[in-house]
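Below: one structure, written as structure tokens.
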Amino acid sequence: MSTRILVVYYSATGNTAKLAESLAKGAAETGAEVRVRTVAETAPPEAIATNPRWQAYVDAGPRAELATLDDLEWADGLAVGSPTRFGGAASQLKSYLDTTGGLWAKGKLVNKVATSFTTASTAHGGLESTILAINNVFYHWGSIVVPLGYSAAHLMESGNPYGGSWVSRKSAEPDDVALQALHIQGTRLATIATFVADGLRASGV
Numbered sequence: 699m700s701t702r703i704l705v706v707y708y709s710a711t712g713n714t715a716k717l718a719e720s721l722a723k724g725a726a727e728t729g730a731e732v733r734v735r736t737v738a739e740t741a742p743p744e745a746i747a748t749n750p751r752w753q754a755y756v757d758a759g760p761r762a763e764l765a766t767l768d769d770l771e772w773a774d775g776l777a778v779g780s781p782t783r784f785g786g787a788a789s790q791l792k793s794y795l796d797t798t799g800g801l802w803a804k805g806k807l808v809n810k811v812a813t814s815f816t817t818a819s820t821a822h823g824g825l826e827s828t829i830l831a832i833n834n835v836f837y838h839w840g841s842i843v844v845p846l847g848y849s850a851a852h853l854m855e856s857g858n859p860y861g862g863s864w865v866s867r868k869s870a871e872p873d874d875v876a877l878q879a880l881h882i883q884g885t886r887l888a889t890i891a892t893f894v895a896d897g898l899r900a901s902g903v
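In this note's numbering, the protein residues as written are 699 to 903.
Structure, rendered in structure tokens:
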């Protein structure tokens with residue numbers, strides 16, 4: 699049985715979406731079955747209109763299907779990504795996570811292997827705190843949190859052991875260094891999720 703990986707993200711201008719795609723490719727290359735999902739845009743039109751890149755991204759239409767709770771229950775492992783908003787996840791992503799209480803109450807999220815990633819416009823704009831804030835949800839679920847760490851030599855260059863990230867100075871798109879870090883994160887997530895899922899199935903859990 700293939701390991702099942704869910705990648706869920708919110709993206710306002712496309713940068714977080716690009717990180718999600720690279721992570722998904724890394725997971726898929728292990729042989730995992732991967733679903734990439736986004737969440738609904740809930741910002742008011744007047745807020746979106748203040749940023750031409752945000753407006754263009756919204757006008758181009760969704761890049762992936764909207765995430766459902768069934769996707770989350772299906773997954774053995776998941777990656778969750780968001781641009782940082784004042785040091786935390788965007789409300790659009792948080793709204794999806796806040797609907798998981800029913801699954802949590804039934805113990806359906808226990809032992810999911812989980813990791814997170816983010817983007818920001820400044821180097822000290824909340825990258826680490828956003829990842830840690832997303833991880834707080836995983837702790838409540840009883841999931842197994844997998845950091846990116848320095849698990850490959852490349853990560854000494856990208857430099858964020860908490861999770862893949864990108865600093866978008868002057869609206870720059872993710873570079874190859876950042877995308878490779880996300881690719882490694884996807885491979886790491888799928889590999890560890892496979893170990894855990896195989897062990898749980900073998901024990902009859």
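Note that the Cβ used here is the ideal one computed from N, Cα and C, for glycine as well. Note that the structure is predicted; figures quoted are calculated from it, not measured.
- prompt: Is GLY902 helix, strand or coil by DSSP?
  reply: coil
- prompt: Along the chain, which unbroken stretches of the beta strand (DSSP E) at least 3 residues long are found entirely within the stretch 741-799?
  reply: 775-783
query: Are three or more beta carbon pairs between the stretch 749-760 and the stretch 882-893 nearer than 8 Å?
result: no
message: Let me check understanding here. Comparing Cα to Cα, which of ILE832, LEU880, SER869, ASN833 lies closest to TYR755?
response: SER869
Of the listed residues GLU744, VAL734, TYR848, ALA741, nearest to GLU763 (C-alpha basis): VAL734
- prompt: When the Cα of THR828 is compared with those of ASN809, ARG702, LYS804, GLY862, which residue comes out closest?
  reply: GLY862
query: Taking Cβ positions, are VAL844 and LEU887 nearer each other than 9 Å?
result: yes
message: Under 8 Å, with one C-beta from each stretch per pair, do the stretch 811-820 and the stretch 847-855 reach the 3-pair mark?
response: no
field: SER709, DSSP secondary structure in three states
entry: coil
Helix, strand or coil at SER849 [DSSP, three-state]: coil
query: Can you give, in chain order, each stretch of the alpha helix (DSSP H) that sits fully within the stretch 824-873 and has at least 4 residues?
result: 825-839, 853-856
query: Do you know how far the Cα of ALA831 is from the Cα of TRP772?
result: 23 Å
task: Give a yes or no on whether the C-beta atoms belonging to VAL778 and LEU791 are separated by under 9 Å.
output: yes
- prompt: When you compare each of ASN809, LEU880, TRP864 to THR711 by their alpha carbons, which one comes out closest?
  reply: TRP864
Cβ neighbour criterion (16 or more within 10 Å) applied to ALA787: buried
- prompt: For VAL875, which three-state DSSP category applies?
  reply: helix
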